[in-house]
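Here the protein sequences come in this chain order: Z and Y. Under this note's numbering, the first residue of the first sequence carries the number 1, and numbering increases by one thereafter. Under this note's numbering, the first residue of the second sequence carries the number 1001, and numbering increases by one thereafter. Note that the Cβ used here is the ideal one computed from N, Cα and C, for glycine as well. All values derive from a computational prediction rather than experimental measurement.
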Amino acid sequence: MSSQKNLTLHLKVWRQKNSSTPGKLVDYTVEGVNSAASFLEMMDVLNEQLLRKGEEPVAFDHDCREGICGSCAMMINGCAHGDMPKTTTCQLHMRHFNDGDTIVIEPWRARGFPIRKDLVVDRSAFDRIIAAGGYVSTNVGNAPEANSMLVPQHDAEKAMDAAACIGCGACVASCKNASAMLFVSAKVSQMAHLPQGGPERSKRVKSMVAQMDLEKFGACSNTGACEAACPKGIKLSNITLLNRELARAQVKS
Amino acid sequence: MSTHSKLNSKVPEGSIEKKWANRKFENKLVNPANRRKHSVIVVGAGLAGASAAASMGEAGYRVKLFVYHDSPRRAHSIAAQGGINAAKSYQNDGDSVYRLFYDTIKGGDFRSREANVYRLAEVSVNIIDQCVSQGVPFAREYSGYLSNRSFGGSQLQRTFYARGQTGQQLLLGAYGSLMRQMGEKSVEVFPYHEMLDVIVVDGKARGIVVRNLQTGELAVHTADVVVLATGGYGNVFYLSTNAKKSNCTAAWRAYKKGAFFGNPCFTQIHPTCVPVSGDYQSKLTLMSESLRNDGRVWVPKAKGDKRSPKDIPEAERDYYLERIYPAFGNLVPRDVASRSAKMMCDKGHGVGQTGLAVYLDFADAVKRLGKEGVAKKYGNLFEMYEKITGEDPYDVPMRMYPAVHYTMGGLWVDYNLQSTIPGLFVLGEANFSDHGANRLGASALMQGLADGYFVAPFSVANYIGGEKLAAVSPDDAVCKQALADVKGRIEKFMSIKGKQSADSFHRRLGKIMWDHCGMARNEAGLKQAIAEIQKLQAEFWSDLFVPGDSADLNQELEKAGRVADFLELGELMCRDALERAESCGGHFREEFQTPEGEALRNDEQFAHVAAWEFQGEGKVPARHQEALVFDNIHLAQRSYK
């Protein structure tokens, strides 16, 4: 923190009024950006600057600003959440940029994520995929005593690795096919590593994959761009597991 | 000051252990075939809202859920790191429902309602069962049994956790149940919808006015019951650990429609947050209290010591929490830890560029557990710290300073979680009920899920079963009027066309609140704050600038509405802090302290809940009291020494 600097940055930001109006990249220059600030705080500086000129600020989704809610979603110089590994846009800090840099900022682009305004896209397709089967059907009142069902630590850890997904959509945005396989596989994998919800195992994977297809996400061609872009380190091996779960379900039926 | 006929706590008869069972038995029921004739509106999809909506959907009511996020999976419960308490007593260390109850009452500095807290402790064990059955991947031992850790304000291990992402995993569990109900069409979800008013018909809450944040369209939704689970108001301070959008608007609108506001000045300042480093800062980041299990807090013994921490030998360090509070050490409750950090910095022992920080040192833990052992417990927290500060906490001690984190105050509710407006229920952080003047760590998740899974479904059924509710239509005059009022307010924001952004007003409000209604408060400062806030309110309504169109996605307009409400709530918080002439928990009035600098309560005059009633625009609100009766736990000076 002792080495705080002020940066001047040249931004090319995607501006689009709404879903039905074409958008374009617009150039802005922001000055006096503190190198200890986060990327979204840099966007705040830009927006304050626009407001002072009486212009409309750039709309973007964000909330917790600590890398866990999954709201923020910016394509930064062609990389989902920028090129720092395992980092969300809100946790990307300006100390990784140089004075005078040009930064291109775009929304997620995928058929399943229609653009609403500027950098805001609609990710409700993810909710509908989870609603298709990404849960254990347990009603309140059903639950047995927690320690009556033992889960080997190794399995619990594997389930937790997959459950760390924040549903931001970086995997879709970085995939050339705009596939949602990494997102879907993370939930399938979490459940597959746990004894809970076992009776629904086949139905779950088939319904979720069917819904994913309905939502116009593309197919997986194992490029691995999703894994590289994932801010939470969700592994490509989950997709392998998903395919195995799907094959198993199909054979069983 | 007066009591008020509406402040009936409706605590059930019987011994403390029997109260909840008695209430459940007394409650009216609604038969399954009739449930689908009744509708419930839930606002908010954090732990409390998601669990309540899912449970009532499972029960068979027609539920509508409104969230301002793009998805119900994003509410700020998701950011809770450390864990959730439950009186499972798996560690055989003497825990019980009664002890969790006792710790929570004492932790809250004897300013919460006994019966509510006991119920919270009682259902805590069911929460863990429920979450495990949903597939929440809690930490486990090699044996396959659930693992526990310690948290502040307790001398035993009762905290369940999923790495440093417990809130995320619990919320995703509730969200899964909610999505299941959405798939089964028992819950209708309205993402990108912000509630802007409550509709009260014949004295009962019967609907809400919402704005579709994508299109700007306003609409009325009616129902038999309205449930608010809209979180806390820590963002009144601008800089806090809350998510950027967290706000008080839903609660504040309800207050203006007749719901009393309980203990608004009770704010929790969390001791371990990444310190402020510049004006650009938009929020503060918390580092889980669980770190105090292994991290040791210290400052240099010499004032103004600017040496690097590694160059300060052991003998010249003051591990002040271990020194002052030997029984609890680094695991004292949050209010005590925060105040001690402030005291050390005020005396000139603070570290870092600003002198407003203390060290949280893991050198001993790394020696004992190895770097890998530490990483397994706290890896993601260490990564987060490094991303923000650019420093490696395995090597250099973390620098920490207290920051606003949670609000114990909120809408006043009775034992059934019903506000002073019949049919308006308030859950989770949005209500005032369970944490008194200070919340213990790992208890917010517990309360959110207790309210949503295990309390609200019974209370709502009892209300529906006991009321004759006439049909209400969005075309009724009351609904149309509420819609017109909201529309008028939005037009007002758009028409000011001043020079300053909503954020710039918010920052200034935050500074006033932090300076005068933060970790330490006094009479002169609070009076000054009220005057300054009133001036700021006038400036806001004459010089606000909102660009763009109200019939469109307009984030500046969203902020304007929230800041307008924060400006009013801030004033009420200062009034409440001023009237409460004692220190308790997180409310520290400098005039009232022990010779050692600890909070000095005044039980004779202030063993009560302050419930504020709106009296009309520009009028001073009325302060009513609900006396707190301690039948089970003896009122005592809190000691963690």
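Coil, strand or helix - residue i by DSSP
i	result
Gly-218/Z	strand
Gly-1234/Y	helix
Ser-2/Z	In this prediction, Ser-2/Z has a pLDDT of 48, which is less than 50 and means its spatial position is unreliable; nothing more can be read from the coordinates.
Tyr-1401/Y	strand
Met-1001/Y	With a pLDDT of only 46 at Met-1001/Y, under the threshold of 50, the placement of this residue in the model should not be trusted; the figure read from the coordinates follows. Here Met-1001/Y sits in coil by DSSP.
Gln-1157/Y	strand
Phe-1614/Y	coil
Glu-31/Z	strand
Trp-1541/Y	helix
Gly-1164/Y	coil
His-81/Z	coil
Ala-1581/Y	coil
Phe-183/Z	helix
Contact set between residue i and chain Y, taken where Cβ atoms lie within less than 7 Å
i	result
Lys-216/Z	None at all; the shortest Cβ gap to chain Y is about 17 Å.
Lys-117/Z	Leu-1553
Val-151/Z	Arg-1140, Gly-1144
Within chain Z, partners of residue i - CB distance below 9 Å
i	result
Pro-1547/Y	Leu-50, Leu-51, Gly-54, Glu-55, Glu-56, Pro-57
Glu-1556/Y	Asn-47, Leu-51, Glu-56, Pro-57
Ala-1250/Y	By Cβ distance, chain Z contributes nothing, its closest Cβ being about 16 Å from Ala-1250/Y, past 9 Å.
8 Å CB neighbourhood of residue i in its chain, flanking five on each side removed
i	result
Asn-1380/Y	Arg-1163, Gly-1164, Gln-1165
His-1076/Y	Gly-1046, Gly-1231, Asn-1242, Ala-1243, Ser-1246
Gln-1181/Y	Ala-1053, Ala-1054, Gly-1057, Glu-1058, Val-1063, Val-1187
Ser-2/Z	For Ser-2/Z, the predicted structure reports a pLDDT of 48, less than 50, and the residue's modelled location is therefore unreliable. A value from the coordinates is still provided. Hits under 8 Å: none found.
Same chain, Cβ closer than 6 Å to residue i, five either side skipped, listed in chain order
i	result
Ala-162/Z	Ala-186, Ser-189, Gln-190, Asn-238
Leu-1100/Y	Ala-1087, Ala-1121
Asn-243/Z	none
Lys-1006/Y	Thr-1420
Pro-1012/Y	Lys-1019, Asn-1022, Arg-1023
Ile-1496/Y	Leu-1544
Glu-1558/Y	none
Ala-80/Z	Ala-170, Ala-173, Ser-174, Ala-229
Ser-253/Z	none
Ala-1607/Y	Leu-1628
Residue i Cβ short of 7 Å to the ligand NAP heavy atom set
i	result
Lys-1301/Y	As presented, the structure is devoid of all ligands, the ligand NAP included, so that no description of it is given.
Per-residue contacts from residue i into chain Z (C-beta, under 8 Å)
i	result
Pro-1393/Y	Within chain Z, no residue comes near Pro-1393/Y; the closest Cβ sits about 13 Å away, beyond 8 Å.
Gly-1278/Y	Gln-4, Asn-34, Ala-36, Ala-37
Ala-1243/Y	Asp-63, Cys-64, Arg-65, Cys-69
Neighbour list for residue i in chain Y, Cβ cutoff strictly below 8 Å
i	result
Met-212/Z	Going along chain Y, no residue has its Cβ under 8 Å from Met-212/Z, so there is no contact; the nearest lies around 14 Å.
Close-in-space but distant-in-sequence residues of the same chain around residue i (CB under 7 Å, 5 per side omitted)
i	result
Val-128/Z	First, the amino acid is wrong: residue 128/Z is Arg here, not Val. Gln-211, Glu-215, listed in sequence order.
Met-84/Z	Leu-92, His-96
Met-1001/Y	Residue placement at Met-1001/Y cannot be trusted, given a pLDDT of 46 that sits under 50; what the coordinates show is reported in the next sentence. Answer for Met-1001/Y: Arg-1623, Gln-1625, listed in chain order.
Asn-1116/Y	Tyr-1415, Ser-1433, Asp-1434
Ser-1189/Y	Here residue 1189/Y turns out to be Val, not Ser, going by the sequence shown. So the qualifying residues of the chain are Leu-1065, Pro-1072, Met-1182.
Residue i at chain A interface by Cβ criterion, 8 Å
i	result
Ala-170/Z	Given the protein chain composition of this structure (Z and Y), no chain A is represented.
Chain-ordered neighbours of residue i on chain Z, where CB pairs are closer than 7 Å
i	result
Gln-1625/Y	Near Gln-1625/Y there are no residues of chain Z at all, since even the closest Cβ is about 35 Å away, more than 7 Å.
Closer than 9 Å at the beta carbon, the chain Y residues around residue i
i	result
Pro-144/Z	Asp-1129, Val-1132, Ser-1133
### Query
Can at least three beta-carbon pairs, one atom from the stretch 95–104 of chain Z and one from the stretch 5–25 of chain Z, be found at a separation below 8 Å?
Flag = yes, the stretch 95–104 of chain Z and the stretch 5–25 of chain Z touch.
### the stretch 1458–1478 of chain Y touching the stretch 1128–1148 of chain Y, judged by at least three CB pairs closer than 8 Å
Not touching, per the Cβ criterion.
#### Entry: the stretch 232–246 of chain Z contacting the stretch 167–185 of chain Z, beta-carbon criterion three pairs below 8 Å
The stretch 232–246 of chain Z, when compared against the stretch 167–185 of chain Z, does touch it at the 8 Å Cβ threshold.
### Message
Under 8 Å: do the stretch 1421–1438 of chain Y and the stretch 1199–1215 of chain Y share three or more Cβ pairs, one atom per stretch?
### Response
Flag = yes, the stretch 1421–1438 of chain Y and the stretch 1199–1215 of chain Y touch.
### Task
Name, going along the chain, the residues of the stretch 1144–1176 of chain Y whose beta-carbon falls closer than 9 Å to a beta-carbon of chain Z.
Residues passing the 9 Å Cβ filter: Gly-1144, Tyr-1145, Leu-1146, Ser-1147, Phe-1160, Ala-1162, Arg-1163, Gln-1165, Gly-1167, Gln-1168, Gln-1169, Leu-1172, Gly-1173, Tyr-1175, Gly-1176.
### Sufficient close CB pairs (3 or more, under 8 Å) joining the stretch 69–82 of chain Z to the stretch 52–59 of chain Z
Two segments are said to touch when three or more pairs of C-beta atoms, one from each, lie closer than 8 Å; by this definition the stretch 69–82 of chain Z does not touch the stretch 52–59 of chain Z.
### Task
Closer than 7 Å, Cβ to Cβ, to anything on chain Y: give me those residues from the stretch 88–111 of chain Z, in chain order.
The stretch 88–111 of chain Z vs chain Y, Cβ under 7 Å: Gln-91, His-93, Arg-95.
### Chain-ordered residues of the stretch 213–247 of chain Z with a beta carbon less than 9 Å from chain Y
Going along the stretch 213–247 of chain Z in chain order, one finds no residue with a Cβ nearer than 9 Å to chain Y.
### Message
Could you check whether the stretch 1151–1161 of chain Y touches the stretch 1080–1097 of chain Y, counting it as contact only if at least three pairs of C-beta atoms, one from each stretch, sit closer than 8 Å?
### Response
Yes, the stretch 1151–1161 of chain Y touches the stretch 1080–1097 of chain Y.
### Query
Between the stretch 139–147 of chain Z and the stretch 196–208 of chain Z, do three or more beta carbon pairs fall short of 8 Å?
No, because fewer than three Cβ pairs between the stretch 139–147 of chain Z and the stretch 196–208 of chain Z fall closer than 8 Å, the two stretches do not touch.
### Query
Three or more C-beta pairs closer than 8 Å, one from the stretch 1315–1323 of chain Y and one from the stretch 1523–1542 of chain Y: is that the case here?
The stretch 1315–1323 of chain Y is not in contact with the stretch 1523–1542 of chain Y.
#### Entry: Cβ contact (3+ pairs, closer than 8 Å) linking the stretch 1275–1292 of chain Y and the stretch 1215–1227 of chain Y
The stretch 1275–1292 of chain Y vs the stretch 1215–1227 of chain Y: no contact.
#### Entry: Residues within the stretch 1052–1074 of chain Y neighbouring chain Z, beta-carbon criterion of under 9 Å
Listed by position, the residues of the stretch 1052–1074 of chain Y near chain Z (Cβ gap below 9 Å) are Ala-1054, Ser-1055, Glu-1058, Ala-1059, His-1069, Asp-1070, Ser-1071, Pro-1072, Arg-1073, Arg-1074.
#### Entry: Stretch-stretch touch, CB-based, cutoff 8 Å, three pairs: the stretch 1594–1607 of chain Y with the stretch 1101–1111 of chain Y
Because the criterion of three Cβ pairs below 8 Å is met, the stretch 1594–1607 of chain Y and the stretch 1101–1111 of chain Y touch.
### Message
Quick test of the definition: if touching needs 3 or more C-beta pairs under 8 Å, does the stretch 1372–1379 of chain Y touch the stretch 1300–1309 of chain Y?
### Response
A contact is defined here as three or more CB-CB pairs under 8 Å, and the stretch 1372–1379 of chain Y fails this definition with respect to the stretch 1300–1309 of chain Y.
### Task
Please name the residues in the stretch 1276–1305 of chain Y whose beta-carbon is closer than 9 Å to at least one beta-carbon of chain Z, in chain order.
Under the 9 Å Cβ criterion, the stretch 1276–1305 of chain Y contributes Ser-1277, Gly-1278, Asp-1279, Tyr-1280, Gln-1281, Ser-1282, Lys-1283, Thr-1285, Leu-1286.
### Task
Using a Cβ-Cβ cut-off of less than 8 Å, give me the residues of the stretch 1175–1199 of chain Y that come near chain Z, in sequence order.
Here the close residues are Tyr-1175, Gly-1176, Ser-1177, Met-1179, Arg-1180, Met-1182, Gly-1183, Val-1189, Pro-1191.
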